[in-house]
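Heads up: the structure comes next, in structure tokens.
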Amino acid sequence: MENRDNSQNSQKRIILAVLGVAILVVAVVGISFAAYSSSKTGNVNKVSTGTIMFSYAEPTNGINIQNATSVSDDVGKADQTNKFDFTVTTTTTNALTIPYVITLTKDANNTLPDEAVNVYLTKGAENTVVRDVTSVSDLSNYTRGSDSTNTKLLADKATGAVHTHGDVTADNTISTSYTFRMWVNSSAALSGDTAKTFKAFINVDSTVDAK
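The end of the sequence shown is residue 727 by the working numbering, with every number in the run present.
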């Protein structure tokens with residue numbers, strides 16, 4: 517009886533992982549700046565032009581959920597352990613509007629189907645909803661570099677992913693914190709004896725616009 521229970525449990529084992537990607541793109545449109553330089557220090561990745569700095573700070577481990585079972589959306593949204601926190605910061609000495617996009621890129625070796633995984637993105641201490649509970653299969657495709665099949669859009673300017681800087685001040689910096697959650701939804705059909713896996717990477721890219 518115990519062996520049978522173990523076998524049933526093994527059929528429901530899921531591995532979910534989210535890793536931050538240290539790739540940022542800042543394209544200057546309609547305004548001239550010095551040639552940009554990029555650097556990475558610890559877990560903070562930044563691209564700057566001398567008058568603009570755009571950074572994406574990520575925690576060390578991101579999300580690594582192992583042996584997960586399907587859960588309800590209420591449980592997934594409230595999970596305080598398996599989440600990925602990151603911050604987008606822009607600093608400029610100019611009055612600029614800096615929109616950016618947040619995307620999810622799936623690992624090519626995933627064995628769990630997109631429709632079995634739900635995602636949820638909030639921002640700030642108030643947990644303002646940026647991307648409500650959505651199946652990965654229902655996210656829009658996003659062309660990132662040459663990849664238009666494995667990358668999905670989580671947030672863009674239309675959903676509030678934008679920093680609007682006013683006139684020059686001593687500290688013209690805006691930071692927005694985000695929390696990303698991902699879980700196996702209650703509709704997932706889990707079968708087979710091997711663990712299913714789903715790994716994704718969170719990306720933040722920006723285009724700088726003159727205000």
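Even for Gly, the Cβ is constructed at its ideal location relative to N, Cα and C.
Beta-carbon proximity check, residue i vs residue j, cutoff 8 Å
{"i": "Val-678", "j": "Ser-586", "result": "no"}
{"i": "Ser-656", "j": "Lys-668", "result": "yes"}
{"i": "Val-646", "j": "Ala-671", "result": "yes"}
{"i": "Thr-688", "j": "Thr-609", "result": "The sequence shown places Asn at residue 688, rather than the Thr named in the question. Result yes, Cβ atoms of Asn-688 and Thr-609 sit closer than 8 Å."}
{"i": "Thr-695", "j": "Thr-638", "result": "yes"}
{"i": "Asp-590", "j": "Arg-697", "result": "no"}
Neighbourhood of residue i by C-beta distance below 8 Å, restricted to the same chain and skipping five residues each side
{"i": "Gly-640", "result": "Thr-692, Ser-693"}
{"i": "Arg-660", "result": "Thr-619, Thr-621, Thr-667, Asn-719, Asp-721"}
{"i": "His-681", "result": "Thr-606, Thr-608, Asn-610, Ala-611, Leu-612, Thr-613, Ile-614, Asn-688, Ile-690, Lys-727"}
{"i": "Thr-665", "result": "Asn-657"}
Same chain only: Cβ atoms within 6 Å of residue i, ignoring 5 sequence neighbours per side
{"i": "Pro-629", "result": "none"}
{"i": "Val-541", "result": "Only weak support is given to the placement of Val-541: the predicted model assigns it a pLDDT of 40, under 50, and the value that follows is read from those uncertain coordinates. Excluding positions up to five away in sequence, the list reads Asp-721."}
{"i": "Ser-588", "result": "Ser-702"}
{"i": "Ser-653", "result": "Asp-630, Glu-631"}
Reduced DSSP category for residue i - H, G, I as helix; E, B as strand; rest coil
{"i": "Ser-653", "result": "helix"}
{"i": "Ala-705", "result": "coil"}
{"i": "Lys-639", "result": "strand"}
{"i": "Thr-644", "result": "strand"}
{"i": "Ser-722", "result": "strand"}
{"i": "Thr-675", "result": "helix"}
{"i": "Ser-564", "result": "The predicted model places Ser-564 with a pLDDT of 45, which falls under 50 and marks its position as unreliable; any figure quoted below should be read in that light. Here Ser-564 sits in strand by DSSP."}
{"i": "Ala-716", "result": "strand"}
{"i": "Asn-559", "result": "Low per-residue confidence applies at Asn-559: pLDDT is 44, beneath 50, and the placement is therefore not dependable enough to give any value."}
Residue i: first and last residue of the uninterrupted alpha helix (DSSP H) it sits in
{"i": "Val-591", "result": "589 to 594"}
Residue span of the beta strand (DSSP E) that contains residue i, given as start and end
{"i": "Tyr-694", "result": "689 to 700"}
{"i": "Thr-621", "result": "612 to 622"}
{"i": "Thr-597", "result": "No beta strand (DSSP E) contains Thr-597, which DSSP labels as neither H nor E."}
Cutoff 7 Å; reference residue i; Cβ partners in own chain excluding five residues on either side
{"i": "Asn-626", "result": "Thr-713, Phe-714, Lys-715"}
{"i": "Asp-623", "result": "Lys-715, Ala-716"}
{"i": "Thr-650", "result": "Asn-634, Val-635"}
{"i": "Gln-524", "result": "At Gln-524 the pLDDT is 46, less than 50, meaning the model places this residue with poor confidence; the figure from the coordinates comes in the next sentence. Closer than 7 Å at the Cβ level, and outside the excluded window around Gln-524, lies no residue."}
C-beta neighbour in chain D for residue i, strict 8 Å
{"i": "Gly-682", "result": "Absent from the structure: chain D. Only one protein chain is present."}
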